[in-house]
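**Student:**
Residue numbers (my numbering): 1097 to 1173.
1. If we count the other Cβ atoms within 10 Å of its Cβ and call it buried at 16 or more, is residue 1123 buried or exposed?
2. Given a threshold of 16 other Cβ atoms within 10 Å of its Cβ, counted over all protein chains shown, does residue 1136 qualify as buried or as exposed?
3. To the nearest angstrom, report how far apart residue 1116 and residue 1161 are at their CA atoms.
4. At 3 residues or longer, what runs of the beta strand (DSSP E) sit wholly inside the segment 1118 to 1168?
5. If you draw a straight line from the C-alpha of residue 1146 to the C-alpha of residue 1121, how long is it?
6. Note down, in chain order, each residue of its chain lying with its Cβ closer than 8 Å to the Cβ of residue 1113, except the 5 sequence neighbours on either side.
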């Protein structure tokens, strides 16, 4: 269940990044509202930071699960 939620979160974040880039380009080039484009770029950086944190968390969880599995194995001399 947790993995499904993470996949959905990553899917949402990736599509929101694409949307934010398109809206930022619209504000910057079409309407030429530079302050609106800057606010959207700050939101884009925040989304990228969250996506990076989710990716790192997933890698750490995978390493922890493999470590937990390795601890359960019997030690052979």
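Think of the CB as a built atom: it goes at the ideal place given N, C-alpha and C, for glycine as much as any other residue. None of the values given here were measured: they were computed from a predicted structure.
**Tutor:** Looking at the coordinates:
1. buried
2. buried
3. 35 Å
4. none
5. 22 Å
6. 1140, 1143, 1144, 1147
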